[in-house]
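Chemist: Residue numbers (the numbering used here): -8 to 130.
This is the structure in structure tokens:
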């Protein structure tokens, strides 16, 4: 199992900038906002050692007026599930996206990429706000 807390920053990114934030409520947690600066195709990427088999991915995002639609890929192959990060008004925290049945053919170092290629018509940007993600081998 790999648990990635994104506050440490990505291994690679084409975002204009990213800002770390810590919110203190009933539970303290942090998230990173990746600023797309109005441009599509921006990504944040992490590299993980994965063994051959079937894997599941879970990621926690925050919805906000400036967030785009997020596509996740493994080694350049889109997983098919997207997450719409748009919310009108105040942000909505801890929204989970789960993707199951990710096939990994051979042991190796794999790129996990979070990318925004589109957005809702009402969204003001293509940003991503996320706090963490994990990958766990399921078979």
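Each residue gets a CB set at the ideal place from its N, CA and C atoms; glycine is no exception.
What are the boundary residues of the beta strand (DSSP E) that residue 90 is part of?
Modeler: 83 to 95
Chemist: Report yes or no: do the region 50 to 69 and the region 0 to 11 share at least 3 C-beta pairs separated by less than 8 Å?
Modeler: no
Chemist: Helix, strand or coil, according to DSSP, for residue 112 in the structure here?
Modeler: coil
Chemist: Quick check on this structure: which residue in 124, 128, 130 has the alpha carbon closest to the alpha carbon of residue -4?
Modeler: 124
Chemist: On the three-state DSSP scale, how would you describe residue 30?
Modeler: Residue 30 falls in the coil class under three-state DSSP.
Chemist: Give me the Cα-Cα distance between residue 23 and residue 1, rounded to the nearest whole angstrom.
Modeler: 10 Å
Chemist: Could you tell me which of 115, 78, 102 sits nearest to residue 37, measuring between CA atoms?
Modeler: Taking the Cα of residue 37 as reference, the smallest distance to any Cα among 115, 78, 102 is reached at 102.
Chemist: Tell me which residue opens and which closes the beta strand (DSSP E) that residue 45 is part of.
Modeler: 44 to 54
Chemist: Expressed to the nearest angstrom, what Euclidean distance is found between the alpha-carbon atoms of residue 81 and residue 55?
Modeler: Those two C-alpha atoms are separated by around 6 Å.
Chemist: Residue 157 lies in the beta strand (DSSP E); which residues open and close that run?
Modeler: Because the chain here runs from -8 to 130, residue 157 falls outside it and cannot be looked at.
Chemist: Look up residue 3 in the DSSP assignment and say whether it is helix, strand or coil.
Modeler: strand
Chemist: At the level of alpha carbons, what is the spacing between residue 53 and residue 75?
Modeler: 10 Å
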